[in-house]
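Here is the structure we will look at, set down as structure tokens.
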Amino acid sequence: MTDTNVGTVEFELVSPAKLLVSEPVEMVVVPGAEGDIGVLPGHSPLIATVRPGVIDIHEGGKVRDRIFVGGGFAEVSSERCTVLAEEATPVDEIDRTIAEARLIEAKEKADVADETGVAEAARQVAIAEGLVAAAGLAGD
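Counted the way my numbering counts, the sequence shown spans residues 25 to 164.
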């Protein structure tokens, strides 16, 4: 019996709403807090914080799918990459108008946030900014 997953890493993307992806992929690039993390088969184990940004799933040397994540955590082993995302949306499903409205609202809330809410307000602005940037990738 031949292993059809040779040269792949098992990738799972989980949001609070659902399991978005669970499949073998050639490579996945995750937006880590310290920089992008490219995961290939045989990757060294690591746990990292994920910043708001876009996960790129590669196949055949090209980006096959792009999914916006609003932050979370990634766990990587030699044969698996699991991302637990606070929110996740395929890039081609992002409505730019809605994303821009979310950013405006987040900035307005950040402007009036008190001491206890300033960190959360800044996080929401970062997520909204990432969503708007991801909306610009739709159709690429």
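Just so you know, even glycine gets a beta-carbon here, dropped at the ideal spot from N, CA and C.
Please read these numbers as outputs of a predicted model, since none were measured by experiment.
Tell me whether the beta-carbon of I91 lies closer than 9 Å to the beta-carbon of T113. In this structure, I91 sits near T113, with a CB-CB distance shorter than 9 Å.
Alpha-carbon spacing of T26 relative to P55, whole angstroms: Legend: pLDDT at T26 = 42, less than 50; position of this residue unreliable, value from coordinates given subsequently. T26 and P55 have their alpha carbons spaced roughly 33 Å apart.
Start-end ranges of the beta strand (DSSP E) lying completely within the stretch 74-140, minimum 3 residues: Runs found: 86-100, 104-109, 112-114.
Should the stretch 43-53 be regarded as contacting the stretch 67-77, the criterion being three or more beta carbon pairs within less than 8 Å? With contact defined as three or more Cβ pairs closer than 8 Å, the stretch 43-53 and the stretch 67-77 are not in contact.
Can you tell me the Cβ-Cβ gap for A145 and A134, rounded? I've got them flagged as a contact below 8 Å. Cβ atoms of A145 and A134 come within 8 Å of each other, at about 4 Å.
Sorted by chain position, which residues of the same chain lie with C-beta nearer than 6 Å to V100's C-beta, five sequence neighbours on each side aside? Correct list, in chain order: V63, H67, L70.
Determine the DSSP secondary structure at L161, reduced to helix, strand or coil. Of the three classes helix, strand and coil, the one that applies to L161 here is coil, per DSSP.
Note down the Cα distance separating F97 from L108, rounded to an integer number of angstroms. Straight-line Cα distance between these residues: approximately 5 Å.
Under the three-state reduction of DSSP, which class applies to L37: helix, strand or coil? The three-state secondary structure of L37, taken from DSSP, is strand.
Over the uninterrupted beta strand (DSSP E) stretch that includes P69, give me the two end residues. Element bounds for P69: n/a, residue is neither H nor E.
Mark R120 as exposed unless 16 or more other C-beta atoms lie within 10 angstroms of its C-beta, in which case mark it buried. R120 is exposed by the Cβ-count criterion.
Where do the ends of the beta strand (DSSP E) carrying P55 lie? Residues 51-56.
Which class does L155 belong to by DSSP, given the choice of helix, strand or coil? Here DSSP, grouped into helix, strand and coil, assigns L155 to helix.
Confirm, please, whether the CB-CB distance from D60 to V49 is below 9 Å. Going by C-beta atoms, V49 is not nearer than 9 Å to D60.
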